[in-house]
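The next block holds one structure in the form of structure tokens; read it before the comments.
There are 2 protein chains.
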Amino acid sequence: MSDDVSVVFAALSDPTRRRLFEQLLEQPHGRTATELADNASVSRQAIVKHLQLLANAGLAVAVRDGREVHYRASTDAAQHASVWLSVRASAWDRRLAVLEKGVRDAQNSKTPTSRRR
Amino acid sequence: MSDDVSVVFAALSDPTRRRLFEQLLEQPHGRTATELADNASVSRQAIVKHLQLLANAGLAVAVRDGREVHYRASTDAAQHASVWLSVRASAWDRRLAVLEKGVRDAQNSKTPTSRRR
DNA sequence: TTCAAGTGCAATCAATTAGTTGCATGATAG
DNA sequence: CTATCATGCAACTAATTGATTGCACTTGAA
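If you read the protein sequences in the order shown, they are chains D and W. Each residue of the first sequence is one higher than the last, beginning at 0 in numbering that gives the first Met the number 0. Each residue of the second sequence is one higher than the last, beginning at 0 in numbering that gives the first Met the number 0.
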């Protein structure tokens with residue numbers, strides 16, 4: 000589970016974490032774990048762990064400012080994951096199209112009279 | 000973890016499962032758990048569980064043919080997840096662009112002499 | 001300087017998960 | 001009909017995970 004893709008998908012598989020990620024996305028200047036914990040139903044420590052996991056996946060970055068640590072979103076990892084998915088989805092669709100065409104051609108050669116004029 | 004998005008990301012967060020998904024993508028006619036288990040380092044039962052999880056996430060479908068069950072890929076869920084990610088990534092990038100423009104404008108109004116002519 | 005606020009660390013716990021093994025069921029080729 | 005092959009089901013184990021709690025450390029403000 001330690002490769003790049005895995006950690007990103009794993010990070011996004013938890014609703015609490017997705018929620019945090021979306022909160023970060025709404026806040027260009029970032030949010031601290033303590034702030035985020037106020038709006039959440041779980042403890043600050045739980046939030047911290049989630050944020051660190053998001054950061055580890057490349058979905059967030061932590062920036063220290065005095066005694067506060069501001070987490071802000073980062074979208075490179077998200078973009079990569081999105082591409083990973085869509086590349087495969089479209090490869091599949093292409094493959095299906097080829098297959099379908101093959102079936103159609105076979106049909107046409109079997110019953111040439113039914114061919115589109 | 001039971002919502003649509005969660006199960007898709009969770010399904011894709013496991014390397015073994017991603018490997019299986021990719022094998023299904025290469026095989027338009029589908030593969031049985033037994034076939035897939037031959038190329039894998041884990042037991043057939045493990046493969047079955049992975050395939051069922053993929054199916055549950057909408058990344059695969061199981062089609063029974065006599066005593067065999069063929070699993071084939073399905074890309075709707077992948078496409079949805081991909082969109083989920085890219086929508087958020089681009090919203091963030093837009094937000095950053097606006098922010099940046101704000102900073103630029105402020106700079107210009109402060110030092111009007113440096114304004115582009 | 002003192003003290004409160006924000007964070008970091010570690011131990012612990014319950015639930016989930018990836019994997020195994022053993023055996024039962026069901027379909028098909030001889 | 002009867003082996004046999006593919007699948008299904010159940011119990012079990014070890015590792016991981018989401019969450020909690022208590023306490024120590026660091027920083028900033030009064």
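Glycine included, each C-beta is placed from N, C-alpha and C at the ideal position.
For the alpha helix (DSSP H) that contains residue i, what are its first and last residues?
i              : result
E67 of chain D : Where E67 of chain D is concerned, there is no enclosing alpha helix (DSSP H), although the beta strand (DSSP E) it sits in stretches over 67-72.
H49 of chain D : 43-55
S1 of chain W  : Here S1 of chain W belongs to no alpha helix (DSSP H), and DSSP marks it neither H nor E.
E21 of chain D : 14-24
Quick one: give me the first and last residue of the beta strand (DSSP E) that residue i is part of.
i              : result
A59 of chain D : 59-64
When burial is assigned at 16 or more other CB atoms within 10 Å of the CB, is residue i buried or exposed?
i               : result
D13 of chain D  : buried
L19 of chain W  : buried
T33 of chain W  : exposed
A98 of chain D  : Reading the sequence as shown, one finds Leu at residue 98 of chain D and not Ala. Exposed: under 16 other Cβ atoms inside 10 Å.
R103 of chain W : exposed
R66 of chain W  : exposed
V7 of chain W   : buried
R63 of chain D  : exposed
A72 of chain D  : buried
A77 of chain D  : buried
R115 of chain D : Confidence at R115 of chain D is low in this model, with a pLDDT of 42, below 50, so its placement is unreliable and no value can be given for it.
A96 of chain D  : exposed
A105 of chain D : exposed
S113 of chain W : Any answer about S113 of chain W is weak, because its pLDDT of 44 lies below 50 and its placement is not dependable; what the coordinates show is given next. By the neighbour-count rule (16 or more Cβ atoms within 10 Å), S113 of chain W is not buried but exposed.
S1 of chain D   : exposed
Based on the DSSP secondary-structure assignment, which residues constitute the bridge partners of residue i?
i              : result
R30 of chain D : D:Y70
Does the Cβ of residue i lie closer than 7 Å to at least one heavy atom of the ligand MG?
i              : result
D37 of chain W : Although the ligand MG was asked about, the structure shown includes no ligands whatsoever.
- Message: Assess contact between the region 77-92 of chain D and the region 34-45 of chain D, defined as three or more Cβ pairs (one per stretch) separated by less than 8 Å. Is contact present?
- Response: no
- Take every Cβ of the region 88-96 of chain D, pair it with every Cβ of the region 48-64 of chain W, and state whether three or more of those distances are shorter than 8 Å. no
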